[in-house]
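So the sequence shown is numbered by the working numbering: it starts at 1 and just counts up by one.
In what follows, a single structure is set out as structure tokens and then discussed.
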Amino acid sequence: MDKKVYKETKAVSNQLQQPVTTLKGIGAERAIDLASLDIHTVQDLLEHFPYRYEDYRVRDLSEAEDGEKITIIGTVYGEPVVRFYGKKKSRLTVKIVVNRVVVTAIWFNRQFLKQQLRAGREIMLSGKFERARLQMTVSEHHFLDTDKKTPQEGSIQPVYSTNANIQVKQIRRWVADALKDYGDKVEEILPAYLVQKYKLAPRAEAIRNIHFPESVLGGKQGRRRLAFEELFLFQLKLQAYHAVNRRTSDGMAQSILLPQVKEFIHGLPFPLTGAQERVVKEILGDMQAGYRMNRLLQGDVGSGKTVVAAIALYATITAGYQGALMVPTEILAEQHYTTLQELLTPHGIELAILSGSATTRQRRDILAGLQSGLIHIVVGTHALIQEDVYFRNLGLVITDEQHRFGVEQRRILREKGLHPDVLFMTATPIPRTLAITAFGDMDVSTIDELPAGRKPVETYWVKHDMLDRILAFISKELGKGRQAYVISPLIEESEKLDLQNAMDVHAQLSHYFAGKYNVGLMHGRLPSKEKDEVMQRFSSGEVQILVSTTVVEVGVNVPNASVMVIYDAERFGLAQLHQLRGRVGRGAEQSYCILIADPKSEVGKERMRIMTETNDGFEVARRDLELRGPGDFFGTKQSGLPEFKIADVVQDYRMLEVARQEAADLISHPSFWVGPEYAPLRHYLKRDEYFLEKIKD
1 MDKKVYKETK
11 AVSNQLQQPV
21 TTLKGIGAER
31 AIDLASLDIH
41 TVQDLLEHFP
51 YRYEDYRVRD
61 LSEAEDGEKI
71 TIIGTVYGEP
81 VVRFYGKKKS
91 RLTVKIVVNR
101 VVVTAIWFNR
111 QFLKQQLRAG
121 REIMLSGKFE
131 RARLQMTVSE
141 HHFLDTDKKT
151 PQEGSIQPVY
161 STNANIQVKQ
171 IRRWVADALK
181 DYGDKVEEIL
191 PAYLVQKYKL
201 APRAEAIRNI
211 HFPESVLGGK
221 QGRRRLAFEE
231 LFLFQLKLQA
241 YHAVNRRTSD
251 GMAQSILLPQ
261 VKEFIHGLPF
271 PLTGAQERVV
281 KEILGDMQAG
291 YRMNRLLQGD
301 VGSGKTVVAA
311 IALYATITAG
321 YQGALMVPTE
331 ILAEQHYTTL
341 QELLTPHGIE
351 LAILSGSATT
361 RQRRDILAGL
371 QSGLIHIVVG
381 THALIQEDVY
391 FRNLGLVITD
401 EQHRFGVEQR
411 RILREKGLHP
421 DVLFMTATPI
431 PRTLAITAFG
441 DMDVSTIDEL
451 PAGRKPVETY
461 WVKHDMLDRI
471 LAFISKELGK
481 GRQAYVISPL
491 IEESEKLDLQ
501 NAMDVHAQLS
511 HYFAGKYNVG
521 LMHGRLPSKE
531 KDEVMQRFSS
541 GEVQILVSTT
551 VVEVGVNVPN
561 ASVMVIYDAE
571 RFGLAQLHQL
581 RGRVGRGAEQ
591 SYCILIADPK
601 SEVGKERMRI
611 MTETNDGFEV
621 ARRDLELRGP
631 GDFFGTKQSG
641 LPEFKIADVV
651 QDYRMLEVAR
661 QEAADLISHP
671 SFWVGPEYAP
681 LRHYLKRDEY
691 FLEKIKD
């Protein structure tokens, strides 16, 4: 594409940027209503895609599925009957003959139609068909002996999201007008080779087809083209961000002393798994490269991420730098600090822990040690990235369980300190589709292998009436010298929810095991000092049973605990259940997870089945994604996930993989950054301020 053609294309594009008020029937008041749907321009209206269709094509009853919405044509037969019930509520029924089959048509609160439903009148009906009863609940009807013919008759009509002031039929009319006036102004944005390679419909044709398909196939082809485009453009932005970030990075190539690192690895009390060796190689490769590392390390509960973190921190120290490990809670900070001390202190490495509970003097000493370089590694909470924390030579920042951060938040975190390498760790297994979507701007390393000797946790789903057997089982395990967690979803009794609560459970178990075993209680309302105290007593074995809410979900490591009992397990999500299960099974002995649940919904029952069928966190995460959808997987507010207009990362996962690979290949090709044929794509990227100064046309 030469520059002249590109300028003409931009001019066409600008026509689509005209306000919706240029369309017939849309004045200032209607424009305000449309703005609430995020529709401001003609292009916005054309890209306000339908979320489903009403199929008004007349169907033969023999083809109709039970419960399906269909359209039929028949003749009124016999007298209509109206029955009243409740206040101003009515049910109108009449027999309709459709190709010699008698169907009962039902209208609710439409008693005034009785006079019009005269025997012999031909009528078109649309509604839900019940095959067994041969009846239809009518949502729309039209008498065919009148002069006015319905515009929908025999067609497939789009259904759009609307608001209280706008009706679907109005959007249909405005979209039809926009296509008539501006349909030929819709430009192609995808490169011709991609359109040909994947047999995609041209963009203008796809937009026309998705709004007013002439057939089901036409609608599917339109959706396929536009879903691919949406995923491709999103991945293009992520891959471009990744490439530009590397190209303009102020990163440092760390001169790691590899022989020393290998010696450190050989001195560990256990051999690395093949997966750990692979990810260590990937991480050290990044640290030695000239760009800044921006990598996600994901692994199932107990897969050995902390050891990998220790190796990376040791490696940065051999290169003459300092390291920092940032975690979300003080309990987790204490635990990581203890583990790293055991592994690193014998090698002459100075560690410190910095959290909100540090005294003024402790904090002052730690800050001085970091600034002078006397402290090599600091472990802490978000206190680490406060303004008054300075390092002498920070080389590596590792953040644990920060998977909820979006791209923007990760960018801000990387800009703290003097351009250190950054490694994000998460024990929440993320399905590949979401990893590609949420972390496409990062490199991803996965530990998909558990350390040798780990036995899978045996998981059972039981009902509440089996409590006596569960208590006997816990008693048997405690008799072997083991410990148990008992998790409850609430702290105190709730009038709204009939659920077990931590305080009741604690009282119950304290009475049951009185004189034999100690029962501890931990929940989110306890002060940090008391939480640490309870956890310390459980870790040391002084407390044999820990009753808790989900505050033990992440990071707590008590290898002697072999039983995890979860009350009202249907109240928890799959990811949370899997995280809780991961608190046991950390020692050499067989461990057990008992889910006490009586779920009412099918989704609740399916969750319990999944937990009993697999211990693989990635499989659990994949099934969780299918049950919940992408928006709820991380928690909607903090997900960092885009809201796609038409694509679905669960349904379209194969398309997402293809789009990512094609975007990565294109971005890596030098011609993308200068070739005139890719100017529309570069123009698309430059809508993001980040790329404005970084891409030149």
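Cβ coordinates follow ideal geometry from the N, Cα and C atoms, glycine included.
From which residue to which residue does the alpha helix (DSSP H) around residue i run?
i	result
Met287	Gly274 to Gln288
Thr338	Glu330 to Leu344
Lys95	Lys95 -> not in any alpha helix (DSSP H); beta strand (DSSP E) instead, spanning Lys89 to Val98.
Arg623	Gly617 to Arg628
Glu263	Leu258 to His266
Leu574	Leu574 to Arg581
Met655	Tyr653 to Ser668
Val308	Lys305 to Thr318
Which class does residue i belong to by DSSP, given the choice of helix, strand or coil?
i	result
Phe721	Any property of residue 721 remains undetermined from this structure, which presents the chain solely from 1 to 697.
Lys169	helix
Pro202	coil
Arg404	Because Arg404 carries a pLDDT of 49, less than 50, the predicted location of this residue cannot be relied on, and the following value inherits that uncertainty. Correct three-state label for Arg404: coil.
Arg52	strand
Phe112	helix
Gln221	helix
Met611	helix
Lys128	strand
Glu122	strand
Pro19	strand
Asp532	helix
Ile39	coil
Val102	strand
Tyr291	coil
Ile585	What sits at residue 585 in the sequence shown is Gly, not Ile. Coil at Gly585, not helix or strand.
Gly183	helix
Asp300	coil
Asp147	Low local confidence applies: a pLDDT of 46 at Asp147 is under 50, so the model's placement there is unreliable, and no value is given.
Leu117	coil
Ile594	strand
Pro680	helix
Given residue i, which residues of its chain have a CB within under 6 Å of its CB, disregarding the five upstream and five downstream residues?
i	result
His403	Only weak support exists for where His403 lies, its pLDDT of 49 falling under 50; the coordinates are left without a value.
Ser155	Tyr56
Gln661	none
Thr75	Val97 and Glu122
Gly323	Leu313, Thr316, Ile377 and Leu396
Ile70	Arg59, Ala64 and Phe129
Arg30	none
Pro50	Pro158, Val159 and Tyr160
Ala502	Ser488, Ile491, His523, Val547 and Thr549
Ala119	Val76
Gly299	Lys305 and Ile447
I need the boundaries of the beta strand (DSSP E) containing residue i, first residue and last residue.
i	result
Tyr160	Note, Tyr160: premise wrong, no beta strand (DSSP E); not H, not E.
Ala561	Ala561 to Ile566
Ser601	Premise fails: Ser601 is in no beta strand (DSSP E) and is neither H nor E.
His141	Gln135 to Phe143
Met326	Gln322 to Met326
Ile447	Asp443 to Ile447
Leu354	Leu351 to Leu354
Tyr546	The question names Tyr, but residue 546 is Leu in the sequence shown. Taken as a continuous stretch (DSSP letters only), the beta strand (DSSP E) holding Leu546 covers Ile545 to Ser548.
Thr359	Segment: none, Thr359 is in no beta strand (DSSP E) and carries neither H nor E.
Thr426	Asp421 to Thr426
With a CB to CB cut of under 7 Å and the five nearest residues on each side skipped, what residues in its chain are close to residue i?
i	result
Gly183	Ala204 and Arg208
Arg537	Gly520 and Val543
Gln43	Leu16 and Gln17
Val505	Val486, Ser488, Val547 and Tyr567
Gly369	Ala352 and Ile375
Leu384	Ala324, Met326, Leu354 and Val378
Ala178	Leu23, Val42, Leu45 and Leu46
So, at 8 Å on beta carbons, what are the nonlocal neighbours of residue i in its own chain, with the 5 sequence-adjacent residues on each side left out?
i	result
Asp532	Glu330, Ile331 and Glu334
Mind checking whether the beta-carbon of residue i lies closer than 8 Å to any heavy atom of the ligand GDP?
i	result
Arg607	The model on display carries no ligand, and the ligand GDP is accordingly not part of it.
Three or more C-beta pairs below 8 Å linking the stretch 30 to 40 and the stretch 83 to 100: The stretch 30 to 40, when compared against the stretch 83 to 100, does not touch it at the 8 Å Cβ threshold.
Every unbroken beta strand (DSSP E) inside the stretch 59 to 89 [3 residues or more]: With a minimum length of 3 residues, the continuous beta strand (DSSP E) runs that stay inside the stretch 59 to 89 are 69 to 85.
Entirely enclosed beta strand (DSSP E) segments - the stretch 362 to 400, minimum 3 residues: With a minimum length of 3 residues, the continuous beta strand (DSSP E) runs that stay inside the stretch 362 to 400 are 377 to 380 and 394 to 400.
Cβ pair count under 8 Å reaching 3, the stretch 304 to 320 against the stretch 279 to 292: At 8 Å Cβ cutoff, the stretches touch.
The stretch 646 to 661 in contact with the stretch 155 to 164 per 3-pair CB rule at 8 Å: The stretch 646 to 661, when compared against the stretch 155 to 164, does not touch it at the 8 Å Cβ threshold.
Within the stretch 456 to 528, ranges of the alpha helix (DSSP H) (whole runs, at least 4 residues): List check, alpha helix (DSSP H) in window: 467 to 479 and 502 to 512.
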